[in-house]
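Chemist: Got a structure for you, written out below as structure tokens; questions coming shortly.
In this note's numbering, the protein residues as written are 1 to 130.
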């Protein structure tokens, strides 16, 4: 047991060297989503709506987003009869999502802007009251 506590991560991985992180986007078949990660760090998932989740980096003083995921990809491809083999540009998939449900995306944007605007209005009201 004592030796286990002193092992390095490389030892635990069978002596294989750790690879340097590279930003990536990949399809997670178990959750039917595309995950995009641009930084190698721990993060908190913040669900924006039924389709989009953003990843907020932990251990930073300022809010920093380091990725996102988009759900319902299999259904989207089946609905629009898109081939499931071969590479896709992420922008093309986002374009299909927007075409598929523009109201949901507009609602999401409105909610996020409204929350930001509300914070600004509250700050101004507090400043005037002081």
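From the three backbone atoms N, C-alpha and C, an ideal C-beta is built for every residue, glycine too.
Which value, in whole angstroms, describes the spacing of the CA atoms of residue 83 and residue 103?
Modeler: Within the chain shown, the letter at position 83 stands for residue 83. Within the chain shown, the letter at position 103 stands for residue 103. Near 25 Å, if we compare the C-alpha coordinates of residue 103 and residue 83.
Chemist: Alpha carbon to alpha carbon, how far is residue 108 from residue 46?
Modeler: Stepping through the chain shown from its first residue, residue 108 is reached at position 108. Stepping through the chain shown from its first residue, residue 46 is reached at position 46. Those two C-alpha atoms are separated by around 13 Å.
Chemist: Taking its Cβ as the centre, do 16 or more other Cβ atoms sit within 10 Å of residue 33, making it buried, or is it exposed?
Modeler: On the chain shown, position 33 is the one that residue 33 refers to. Under this definition residue 33 is a buried residue.
Chemist: Measure from the alpha carbon of residue 31 to the alpha carbon of each residue in 95, 38 and 53, then state which is nearest.
Modeler: Counted from its first residue, the chain shown places residue 31 at position 31. Ranking 95, 38 and 53 by Cα distance to residue 31 puts 53 first.
Chemist: Contact between the segment 67-86 and the segment 33-42: three or more CB pairs below 8 Å?
Modeler: Touching, per the Cβ criterion.
Chemist: Would you mind stating whether residue 167 and residue 27 have Cβ atoms separated by less than 8 Å?
Modeler: There is simply no residue 167 to check, as the chain begins at 1 and stops at 130 in what is shown.
Chemist: Mind checking residue 22: buried by the 16 CB within 10 Å criterion, or exposed?
Modeler: For the purposes of this step, residue 22 is taken as residue 22 along the chain shown, with counting starting at 1. It counts as exposed.
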